[in-house]
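Below: the structure, in structure tokens.
In our numbering, the protein residues as written are 29 to 1004.
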């Protein structure tokens, strides 16, 4: 159903065009309407989340918003005149007005800041640079103050945000007081070493700093160095108090910045009286309420900003977060791609996602790309969607993907406006929202406590005086104090958006159908063939997929004036054998969308029974195989029609067959084991490709295991020099030798010798006996099964020896190793390859196989004793190390055999079978004889070369160097 949409290889994006169908480009899609919150987000230009968070805070500061709207074109000028020479158009406040009007009144999910950042003098690349929101707060206010010079609003920033601090130094000798005042736009408060905002303010404005000892103060009145005390107090309190938290510190040892992530609490209401110079006022004069929290997620060199805001004017529709999640957000399992993609599409207002945006939305959702997290196991994202066409559906012939469970609204259903309800109001009267770029969600007041600590934590706090009350007419009224010309601009944009959405919906829901009329076809060999191969037998029809099957049937009736009798519409598909019929559309009440009809669907129009008086079979129960075509070693089936007495083809030599699926990379996958299961139980959907493979399936309760023969370098030489031609066939006769396996410094050749079918209740002894019956092993000399070792293979590597009564796993590959003596390994016996270092050289003698009994003692001392007995040396003169071939390093095994537990002060035995060594079958142990070899370094030249290769690979794959930091600036014209 997805056409060639998923023909991409190796990339997140993929082709969405069809060779013949209509293509709707993603750029033609109009902005989505507002969501359930009825609030508008702000688009991220690539790195402007810091700007978006601050702009939303200013928008939801009613006093700031109204002061800005109070300035008219007579003072600010008109944007249409900004290019005229000599004009003094104050572009920044004008663009900020227009942006605020769009955020308040235009019905769109998110607004763009492109015009505003253009007024800042920023180019396109500056929109992708990340900056500090505290720095932006000061620079933006400075730019506004310079832009409003000479207008009635020239002082409104100062009136709302500027406060005064008085710094005092008191001489302890004469009592002289030296004072200095300084203005502040925001208070920078310390985070390191304190646990709360109140504690930080207490340290700043209550605690005194003493000048004593070697740090004395020169008193102007005493004219000498004296003991003094320095303190600071708040002298003038602004209506809005901004706290900038110093989350970022510098580590002078490492010479790098780091983020303070410890717990730092702050109150919803705070009384500033203890920190003020004048304290004789009413309590309400010093009481502030928290209304905005800008949050930073990440580290010092990158991250993301979003903001928690209290909607004071109740402009949005607040809903309990639990209910919103229950209705809108499916249960998300981050490791399940089907769950993640379903959740992403279900949360979209349109219940569909542009294909080229799906990868980015996935990264936003789980913090990782498809290629990095899922591609290894599930393949490219396109093929994954294609393999789950029972869940996902392609819209508009390619560019959008939707869920089959979420059909579009009927064509007659008008859009329902959001209604303001009070049933879900929070009990405290607060309306808190999380504004995260384009996304706006309701949160509870208690959620603020989650931002006290961690990598995602509060970065700026905005308080407003509790005395500031809003008029009743401002509540639920986004047009309050908005100038008429801006309201008119918003209404015009809403009309344009509505027209764009209606046009897009009509285009988006128009499908191109291909009608095949019955009188143009004939039945031949069970398939429908065109009656006239010269003429085109397809009748195109454009139709709205939101309409019903009955509407489509009526439209076709009207097209065919001479049609008589019943009319059946059957989904068809053009295959090499001809036109094949599938399901018939019988329910006239369902929409074409629900019926699975999409662009370029083929519909066969007939009476539902016969074609030119020939009866047509089109149900699965009426079909059987009549032709098998050999293709690349596999057999693809086309089922067309039931035969009265089916005869096998002459070229079919095999009598046993079974079905297998194709996996995501178009290779033959797992067999269909349960032949009695229904197709729905096996999750086989329409259009899926199955491969018929030679050979029969094992009965229920049996396993079918692939077996390989293991030949070490010594055995291989023996076998290759063997005069028996049949033995040469074992090694290389059938061409099934697939890889070389390096085991220590031994080279092992793995050769496929066939498959065995055995009960899943069989013992290891039964398995060995069964393997020895394979024809390819008839000439291998194995007196008893005790002379035979069974390995489990994973990725052509020997990973585990099968022991005792251990059962094998379904689908496992096994490897047979011939032994020169009988062996019966215990559960704690470890087969190691040990090699002694050559004194004075950086290489080793050929490795030897050693079976170490770790059942009683698995400590380093036990292994050292075992090796000493093997080589006839003293344990104290041996130095051991484990080789890690993937990293080309050696991990030295310490001489200490015991470690002391800190809690119980008891000696705890160290096991080499556990961390950090995890010794297992096949590991290589290097040995140094310290009596004759002073070199304690185990690394060989081959190891150094391997490490160099790893370093080069790591260097080539390293991330790009961190972008240099760019100073933040806003260009302002001269208005003095």
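We treat Cβ as the ideally placed atom computed from N, Cα and C, and that holds for glycine. As the structure is a computational prediction, the values presented were derived from the model and not from experiment.
Determine the burial state of residue 324: buried for a count of at least 16 other Cβ atoms within 10 Å of its Cβ, exposed for fewer.
buried
Mapping the DSSP letters down to three states, classify residue 557 as helix, strand or coil.
strand
Considering Cα atoms alone, identify which of 859, 259, 132, 541 is closest to residue 502.
132
For residue 911, which residues of its own chain have a beta-carbon under 7 Å away from its beta-carbon, when the five flanking residues on both sides are left out?
918, 952, 954
When you compare the segment 195-213 with the segment 231-248, are there three or more beta-carbon pairs, one atom per stretch, that lie closer than 8 Å?
yes
Measuring CB atoms only, is the segment 290-302 touching the segment 407-426, in the sense that at least three cross pairs come out at less than 8 Å?
Of all C-beta pairs linking the segment 290-302 to the segment 407-426, fewer than three are shorter than 8 Å, placing the two stretches out of contact.
According to DSSP, which residues form a beta bridge with residue 598?
The secondary-structure analysis by DSSP pairs residue 598 across a beta bridge with 612, 632.
With the cut-off set at 7 Å, would you say residue 798 and residue 784 are in Cβ contact?
If you check the CB distance, residue 798 and residue 784 come in under 7 Å.
Kindly give me the distance between the Cβ atoms of residue 393 and residue 372, rounded to whole angstroms, as I take these residues to be in contact under 8 Å.
6 Å
Do the CB positions of residue 1005 and residue 465 come within less than 7 Å of each other?
This structure does not reach residue 1005, given that the chain is present from 29 up to 1004, and the question cannot be answered.
Quick one, which of 903, 59, 177 has its alpha-carbon nearest residue 130's?
59
Taking only the alpha-carbon atoms, compute the straight-line gap between residue 376 and residue 947 and give it to the nearest angstrom.
51 Å
Applying the criterion that 16 or more other CB atoms from any shown protein chain within 10 Å of the CB defines a buried residue, is residue 278 buried or exposed?
exposed
Please work out which residues of its chain come closer than 6 Å, Cβ to Cβ, to residue 997, disregarding the five sequence neighbours upstream and downstream, and give them in chain order.
none
How far does the beta strand (DSSP E) with residue 322 in it extend, from its first residue to its last?
Per DSSP, residue 322 belongs to the beta strand (DSSP E) from 315-327.
Close beta carbons around residue 11, own chain, < 8 Å, minus the five adjacent residues each side:
Beyond the ends of the chain as shown, which are 29 and 1004, falls residue 11; an answer cannot be given.
Given a threshold of 16 other Cβ atoms within 10 Å of its Cβ, counted over all protein chains shown, does residue 438 qualify as buried or as exposed?
Residue confidence for residue 438 is low, a pLDDT of 46 falling below 50, so the modelled location carries little weight and cannot support an answer.
Beta carbon proximity, residue 882 to chain C, threshold 7 Å
The question asks about chain C, but that chain is absent: this structure has only one protein chain.
With a threshold of 16 other CB atoms inside 10 Å of the CB of residue 430, please say whether the residue is buried or exposed.
Around the CB of residue 430, 16 or more other CB atoms lie within 10 Å, so the residue is classed as buried.
Following the continuous beta strand (DSSP E) through residue 572, name the residue where it begins and the one where it ends.
566-572
Nonlocal neighbours in the same chain, by C-beta distance under 6 Å from residue 80, ignoring five residues either side:
Excluding sequence neighbours, residue 80 sits near 70, 465.
Do residue 285 and residue 294 have their beta-carbon atoms positioned less than 7 Å apart in this structure?
no
In three-state DSSP terms, what is residue 984?
helix
On the criterion of 16 or more Cβ atoms from any shown chain inside 10 Å, does residue 872 qualify as buried, or is it exposed?
buried
Touch test, the segment 841-860 against the segment 877-889, Cβ-Cβ under 8 Å, three pairs minimum
yes
Taking the C-alpha atoms as reference points, what is the distance between residue 810 and residue 817?
11 Å
Output the distance between the C-alpha atoms of residue 533 and residue 787, rounded to the nearest integer angstrom.
59 Å
Measuring straight from C-alpha to C-alpha, what distance separates residue 999 and residue 623?
58 Å
Residue 845 to residue 864, Cα distance in whole Å?
24 Å
Three CB pairs or more closer than 8 Å across the segment 106-118 and the segment 162-169:
no
Residue span of the beta strand (DSSP E) that contains residue 578, given as start and end:
It is not in any beta strand (DSSP E) - residue 578 instead sits in the alpha helix (DSSP H) that spans 577-587.
Taking the alpha carbon of residue 490 as the point to measure from, which residue in 459, 273, 559 has its own alpha carbon closest?
For residue 490, the closest C-alpha among the options 459, 273, 559 is that of 273.
Beta-carbon gap between residue 104 and residue 121 smaller than 7 Å
yes
For residue 61, is the classification buried or exposed, using 16 other Cβ atoms within 10 angstroms of its Cβ as the cut-off for buried?
buried
Leaving out five residues before and five after residue 254 in sequence, what residues of the same chain have Cβ atoms less than 7 Å from its Cβ?
199, 200, 201, 244, 245, 247
Cβ contact (3+ pairs, closer than 8 Å) linking the segment 598-608 and the segment 550-559
Contact between the segment 598-608 and the segment 550-559 is present, because at least three Cβ pairs lie under 8 Å.
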